[in-house]
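Student: Pasting a structure below so you can have a look.
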Amino acid sequence: FHIKGNLDVTYPDGNETLDANAPITITWNNAGLLPGENVEIKYATDGVNFTNTITGSPFGGDTDPPTGVNNGQAAWTPQTTSSTYKIKVTSLNDANITSTSGTTFTVRGSITNVQVNTTPSAYWMVGESRSVSWTSTPSSQGNVQLIYSLDGTNFPASSPNLFATVLSSSSPYPWPVPTSLRGNETV
């Protein structure tokens, strides 16, 4: 008889909602694998076809396919949105030793790196145009709302605080400073 090792994907294992362009750590349990035994990690955006190999630390060295030390975790930053992602971890010594996410998980679009041009000074004059920019992943994910806050905390999505609804790919957006603002506004 033969004794084989075992792999078990623990995160993401299904029903999670992750943000595109936000790093996560894929984790799995391994039992009975030899120390240093390499694994390959793939993902499917349709929950079935594991055609995408995950690269990055500790994966993605100079080998083909990219492999990593079987330490039970790997860094990954998903880029594509889908509601039917799955992860698959497979031993490179024995393709029958494999595990996939229990059910599908979601990777949704994200807006990050929101910046407002404050040059040449932190003071804005009524009627000036200031640039508001952001990073959208994926670049075209529909509309985003540009909202300002009078107190730096509350961002009501109604007029006059909602100053524009634009396509997520419209960054940077030129915003004319309105006459109604006075104080410590935050976009």
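Per the numbering used here, the sequence shown starts with residue 10, numbered consecutively.
Yeah, the Cβ is synthetic: ideal placement off N, Cα and C, and Gly gets one too.
1) Any idea what DSSP makes of Ser-108, helix, strand or coil?
2) Pull up the distance between the alpha-carbon of Trp-85 and that of Leu-176, whole angstroms please.
3) Leaving out five residues before and five after Gln-82 in sequence, what residues of the same chain have Cβ atoms less than 7 Å from its Cβ?
4) Given a cut-off of 7 Å on the beta-carbon distance, is the pair Thr-90 and Ala-29 in contact?
5) Under 8 Å Cβ to Cβ from Pro-56, same chain only, skipping five residues before and after it: list those, please.
6) Per DSSP, what kind of secondary structure is Ser-200 in: helix, strand or coil?
7) CA-CA distance, Tyr-157 and Ser-148?
8) Hey, how far is the Cα of Gln-150 from the Cα of Ile-12?
9) If I follow the unbroken beta strand (DSSP E) through Asn-122, where does it start and stop?
10) Would you grab the beta carbon distance between Gly-14 and Ala-40 for me? Rounded to a whole angstrom, and I think it's under 8 Å.
11) Taking the beta strand (DSSP E) that Trp-143 falls in, what are its first and last residues?
12) Can you tell me where the beta strand (DSSP E) with Ile-63 in it begins and where it stops?
13) With DSSP collapsed to three states, give me the class of Tyr-94.
14) Along the chain, where does the beta strand (DSSP E) containing Leu-155 start, and where does it finish?
15) Over what stretch of residues does the beta strand (DSSP E) that includes Leu-16 continue unbroken?
16) Can you tell me whether Thr-188 is buried or exposed, with buried defined as 16 or more other CB within 10 angstroms of its CB?
17) On the CB-based measure, 16 or more other CB atoms within 10 Å of its CB, does Val-116 come out buried or exposed?
18) What distance in whole Å lies between the Cβ atoms of Thr-107 and Leu-16, which are believed to be in contact at a cut-off of 8 Å?
19) How many angstroms separate the CA atom of Asn-24 from the CA atom of Pro-87?
20) Quick check on DSSP: helix, strand or coil for Glu-46?
Tutor: With the given structure in hand:
1) Numbered from 1 along the sequence shown, position 99 holds the residue referred to as residue 108. Three-state result, Ser-108: strand.
2) Along the sequence shown, one-based indexing puts residue 85 at 76. Along the sequence shown, one-based indexing puts residue 176 at 167. Distance between the alpha carbons of Trp-85 and Leu-176: 27 Å.
3) Locating residue 82 in the sequence shown gives position 73, counting from the first residue. Only Thr-34, Ile-35, Thr-36 meet the Cβ criterion.
4) For the purposes of this step, residue 90 is taken as residue 81 along the sequence shown, with counting starting at 1. For the purposes of this step, residue 29 is taken as residue 20 along the sequence shown, with counting starting at 1. Taking 7 Å as the Cβ cut-off, Thr-90 and Ala-29 qualify as a contacting pair.
5) As a position in the sequence shown, residue 56 is number 47, starting the count at 1. For the sequence presented, residue 56 should be read as Gly rather than Pro. So the qualifying residues of the chain are Thr-93, Tyr-94, Lys-95, Thr-113.
6) The question about residue 200 has no answer here: the residues shown for the chain are numbered 10 through 196.
7) Residue 157 sits at position 148 when you count from the first residue of the sequence shown. Residue 148 sits at position 139 when you count from the first residue of the sequence shown. So the alpha carbons of these two residues sit roughly 22 Å apart.
8) For this step, residue 150 is matched to residue 141 along the sequence shown. For this step, residue 12 is matched to residue 3 along the sequence shown. Roughly 49 Å separates the two Cα atoms.
9) For this step, residue 122 is matched to residue 113 along the sequence shown. Run containing Asn-122: 119–125, per the beta strand (DSSP E) assignment.
10) Taking the first residue of the sequence shown as position 1, residue 14 is located at position 5. Taking the first residue of the sequence shown as position 1, residue 40 is located at position 31. Gly-14 to Ala-40, Cβ: 6 Å. Contact.
11) Numbered from its first residue, the sequence shown carries residue 143 at position 134. Residues 138–146.
12) Looking up residue 63 in the sequence shown gives position 54. First-last for Ile-63: undefined, no H or E at that position.
13) Reading the sequence shown from its first residue, position 85 is the one you call residue 94. It is a strand residue.
14) Translated into positions along the sequence shown, residue 155 becomes position 146. Unbroken beta strand (DSSP E) run through Leu-155: 152–156.
15) Your numbering for residue 16 matches position 7 in the sequence shown. Segment 15–20, the beta strand (DSSP E) holding Leu-16.
16) Within the sequence shown, residue 188 is the residue found at index 179, counting from 1. That one is exposed.
17) Taking the first residue of the sequence shown as position 1, residue 116 is located at position 107. So Val-116 ends up on the buried side.
18) To locate residue 16, count along the sequence shown from 1; it is residue 7. To locate residue 107, count along the sequence shown from 1; it is residue 98. That belief holds up - the Cβ atoms of Leu-16 and Thr-107 are roughly 6 Å apart, short of 8 Å.
19) Taking the sequence shown and counting its residues from 1, the one referred to as residue 24 is at position 15. Taking the sequence shown and counting its residues from 1, the one referred to as residue 87 is at position 78. Each residue's alpha carbon lies about 16 Å from the other.
20) Within the sequence shown, residue 46 is the residue found at index 37, counting from 1. Looking at Glu-46 - three-state DSSP - the assignment turns out to be coil, as it is neither helix nor strand.
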